[in-house]
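Enquirer: One structure is given below, represented as structure tokens, and several questions about it will come after.
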Amino acid sequence: MLIDTHCHLDAAEFDADRAAVLQAARAGGVGGFLVPAVGASNFDAVAALSAAHPDVAHAFGIHPMYVGQASESDLDVLRQRLAGGGAVAVGEIGLDGFVQDGSMPLQLRYFEAQLRLAKAFELPVVLHVRRAQDEILKLLRRIRPPGGIAHAFNGSVQQAEAFIKLGFRLGFGGAMTYAGSRRIRQLAAELPLSAIVLETDAPDIPPAWGAGLRNDPANLPRFAEVLAGLRGMSVDEVIEATGANALAAVPGLKQLAGVSAALPPESR
0 MLIDTHCHLD AAEFDADRAA VLQAARAGGV GGFLVPAVGA SNFDAVAALS
50 AAHPDVAHAF GIHPMYVGQA SESDLDVLRQ RLAGGGAVAV GEIGLDGFVQ
100 DGSMPLQLRY FEAQLRLAKA FELPVVLHVR RAQDEILKLL RRIRPPGGIA
150 HAFNGSVQQA EAFIKLGFRL GFGGAMTYAG SRRIRQLAAE LPLSAIVLET
200 DAPDIPPAWG AGLRNDPANL PRFAEVLAGL RGMSVDEVIE ATGANALAAV
250 PGLKQLAGVS AALPPESR
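Going by numbering that gives the first Met the number 0, the first residue of the sequence shown is number 0, and it counts up by one from there.
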């Protein structure tokens, strides 16, 4: 089953046609969607999406690029929301070293606190890892949350192997559709298939065929085709493997209606 392991369906870009966007993705074979929050201000929105659509799951977290808008009390809110159940992961959390705005000490404080919450509630994490892989790995080794997904992975082979060793799967999507993305395409081709999940990050990271446009979850089947081409495999093999990997990384996704129906009873 195709599972979009990272899409921001609550984003304003989808306000005009959210239902149609979901339906188009379903028609293309996408059976599940994971929508991570970026801050306390959209916890309600992602939870509402999940409640309204039985094939949508949600995660709660504070994104590293939004820590400047957060307050310490937001961590208390996060704890309360996680304690209330429903979230399948803690995310989107992590570190972002691309924008040099002096926020890294604050990012580190929020990231460590959220990793500890993930460990306390035994939830996987959805990681934002832009230009901060080594710093993230240090904290993961120290705190040891129960695995998860390194979203939009763009590190080295050695870093990829380190994430995999810690029980993480690596997310690939629109970036691997560009011929010039040589390192990402090589990683997608050569890493163990058991370590790879598919994602769109919709509405962001549009594919080569939609550069400059809004990215939609309906692109996920074509991402599976690209990955199959890079690896010299059939699309069906890629879909089966990446779907299983998503469920292994985020077991709560098994509760989604279409996913649960497709699983054998002993795997539910």
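Just so you know, even glycine gets a beta-carbon here, dropped at the ideal spot from N, CA and C.
Quick one: grab the DSSP three-state call for VAL34.
Expert: Of the three classes helix, strand and coil, the one that applies to VAL34 here is strand, per DSSP.
Enquirer: Give me, in chain order, the residues of the same chain whose beta-carbon lies closer than 8 angstroms to that of ILE163; leave out the 5 immediate sequence neighbours on both sides.
Expert: Excluding sequence neighbours, ILE163 sits near LEU169, LEU190, PRO191 and ALA194.
Enquirer: How about ALA161 and LEU136: do their beta carbons lie closer than 8 angstroms?
Expert: Taking 8 angstroms as the Cβ cut-off, ALA161 and LEU136 qualify as a contacting pair.
Enquirer: Beta strand (DSSP E) containing VAL196: first to last residue?
Expert: Taken as a continuous stretch (DSSP letters only), the beta strand (DSSP E) holding VAL196 covers 195-197.
Enquirer: In its own chain, which residues sit with a C-beta less than 7 angstroms from the C-beta of ASP43, not counting the 5 before and 5 after it?
Expert: Once the five neighbours on either side are set aside, ASP43 has no close Cβ partner at all.
Enquirer: For the candidate residues VAL66, GLU71, ALA82 and SER72, whose alpha-carbon lies nearest to that of ALA58?
Expert: Comparing Cα-Cα distances from ALA58 to each of VAL66, GLU71, ALA82 and SER72, the minimum goes to ALA82.
Enquirer: Quick check for students: name the residue ranges of the beta strand (DSSP E) that lie wholly in the segment 96-143, counting only runs of 3 or more.
Expert: Listed in chain order, the complete beta strand (DSSP E) runs (minimum 3 residues) inside the segment 96-143 are 124-127.
Enquirer: Less than 8 angstroms between the CB atoms is what I'm expecting for LEU77 and LEU48, so what's the real figure, rounded?
Expert: Rounded, the Cβ-Cβ distance is 18 angstroms, inconsistent with contact.
Enquirer: Taking buried to mean at least 16 other C-beta atoms within 10 Å of its own C-beta, is PHE97 buried or exposed?
Expert: PHE97 should be labelled exposed.
Enquirer: Return yes when the Cβ of VAL34 is within less than 8 angstroms of the Cβ of VAL45, no when it is not.
Expert: Yes, they are a contact pair.
Enquirer: Grab me the residues of ASP73's own chain with a C-beta within less than 8 angstroms of its C-beta, minus the 5 sequence neighbours each way, in chain order.
Expert: Once the five neighbours on either side are set aside, the close Cβ partners of ASP73 are GLY38, ALA39 and ILE61.
Enquirer: Run the CB neighbour count on PRO104, radius 10 Å, all protein chains shown included, and call it buried at 16 or more, exposed below.
Expert: PRO104 should be labelled exposed.
Enquirer: Can you say whether ASP235 is buried or exposed, counting buried as having 16 or more other CB atoms within 10 angstroms of its CB?
Expert: Flag for ASP235 reads exposed.
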